[in-house]
Amino acid sequence: MSYGNNPYSSPQFGAAPSGGQDQTALAKAKPPALVLLIVTSLMMLLVLVGLVLNLLGVGLMAAQQGNVGQEDAVIAMIQGTIGLISGIVGLIVGGVVIYGCMQMMKLKSHGLAMTAMILSMLPCISPCCITGIPIGIWGLIVLNDPIVKSAFDRNS
């Protein structure tokens, strides 16, 4: 009975690693990396828009009409500073996640791909923590697959 090109079949003993295993590893590694790349790119676009609006002073406090008291001005300044810092951190982390996803799709730098998946799951730091958690778990499971791990070793 022949199993053909089933990626879930047991490896043949005595067979040398071939390009077919690299194709199987690539087929497993590419979907979570691509999905996370798209989601992170979209979220980084939103972070950029928020950052620009924050720099222009358009925030929740600026939307209020009427007289703004001294306490409200201090709160607006603190919110603006925190928004600016969180936007910059989001862009940096998002850049690392995007670069790690691109490396994962090329089966290069296993450590950076793992870092990207872990960063995508961190709440309040990653640009997309809600969708990043399930995608990051999916990516970690794929990256720990022996076939995928060995393909990273061969391509490094």
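Residue numbers (the working numbering): 128 to 283.
All C-beta atoms in this analysis are idealised placements derived from N, C-alpha and C, irrespective of residue type, glycine included.
Note that the structure is predicted; figures quoted are calculated from it, not measured.
Kindly indicate which three-state DSSP category residue 250 falls into: helix, strand or coil? Residue 250 sits at position 123 when you count from the first residue of the sequence shown. In the structure shown, residue 250 sits in coil (DSSP, three-state: anything other than H, G, I, E or B).
Pick helix, strand or coil for residue 282, following the three-state DSSP scheme. As a first step, residue 282 must be located in the sequence shown, where it is residue number 155. DSSP places residue 282 in helix when its eight states are reduced to three.
Start-to-end residues for the alpha helix (DSSP H) that takes in residue 234: Within the sequence shown, residue 234 is the residue found at index 107, counting from 1. The continuous stretches of alpha helix (DSSP H) do not include residue 234, and DSSP gives it neither H nor E.
Out of 249, 250, 230, 214, which one is the CA nearest neighbour of residue 172? If you number the sequence shown from 1, residue 172 lands on position 45. Closest option to residue 172, Cα to Cα, is 214.
I believe residue 258 touches residue 166 by the beta-carbon criterion, under 8 angstroms. Please report the beta-carbon distance rounded to the nearest angstrom. Working through the sequence shown from its first residue, we reach residue 258 at position 131. Working through the sequence shown from its first residue, we reach residue 166 at position 39. That belief holds up - the Cβ atoms of residue 258 and residue 166 are roughly 5 angstroms apart, short of 8 angstroms.
Can residue 229 and residue 154 be called in contact, C-beta distance under 9 angstroms? As a working mapping, residue 229 is identified with position 102 in the sequence shown. As a working mapping, residue 154 is identified with position 27 in the sequence shown. No, they are not a contact pair.
Just the C-alpha distance for residue 275 and residue 267, rounded to the nearest angstrom, thanks. Locating residue 275 in the sequence shown gives position 148, where the first residue counts as 1. Locating residue 267 in the sequence shown gives position 140, where the first residue counts as 1. About 11 angstroms.
Top-ranked residue by Cα proximity to residue 240, from 252, 226, 253: Mapped onto the sequence shown, residue 240 falls at position 113. Nearest option by C-alpha distance: 226.
Helix, strand or coil for residue 192? Go by DSSP, reduced to three states. Here residue 192 corresponds to residue number 65 of the sequence shown, with the count starting at 1. Caution is warranted here: a pLDDT of 48 is assigned to residue 192, below 50, making its placement in the model unreliable, and the coordinate value is therefore given only provisionally. Coil at residue 192, not helix or strand.
Distance check for residue 210 and residue 251, CA to CA, integer angstroms please. Residue 251 sits at position 124 when you count from the first residue of the sequence shown. Residue 210 sits at position 83 when you count from the first residue of the sequence shown. C-alpha separation (whole angstroms): 12 angstroms.
If we ignore side chains and look at the alpha-carbon of each, how far apart do residue 223 and residue 246 end up? Against the sequence shown, residue 223 aligns to sequence position 96. Against the sequence shown, residue 246 aligns to sequence position 119. If you take the alpha carbons of residue 223 and residue 246, they lie about 8 angstroms apart.
Could you compute how far the alpha carbon of residue 263 sits from the alpha carbon of residue 248? The residue you call residue 263 lines up with position 136 of the sequence shown. The residue you call residue 248 lines up with position 121 of the sequence shown. Using only the alpha carbons, I get a separation of about 6 angstroms.
Following the continuous alpha helix (DSSP H) through residue 267, name the residue where it begins and the one where it ends. Taking the sequence shown and counting its residues from 1, one reaches residue 267 at position 140. Here the alpha helix (DSSP H) through residue 267 covers 256-270.
Hey, would you say residue 117 sits closer than 9 angstroms to residue 218, going by beta carbons? Within the shown structure, residues of the chain are numbered from 128 to 283, placing residue 117 beyond reach of any answer.
Can you tell me whether DSSP reads residue 274 as helix, strand or coil? Residue 274 sits at position 147 when you count from the first residue of the sequence shown. Helix, per DSSP.
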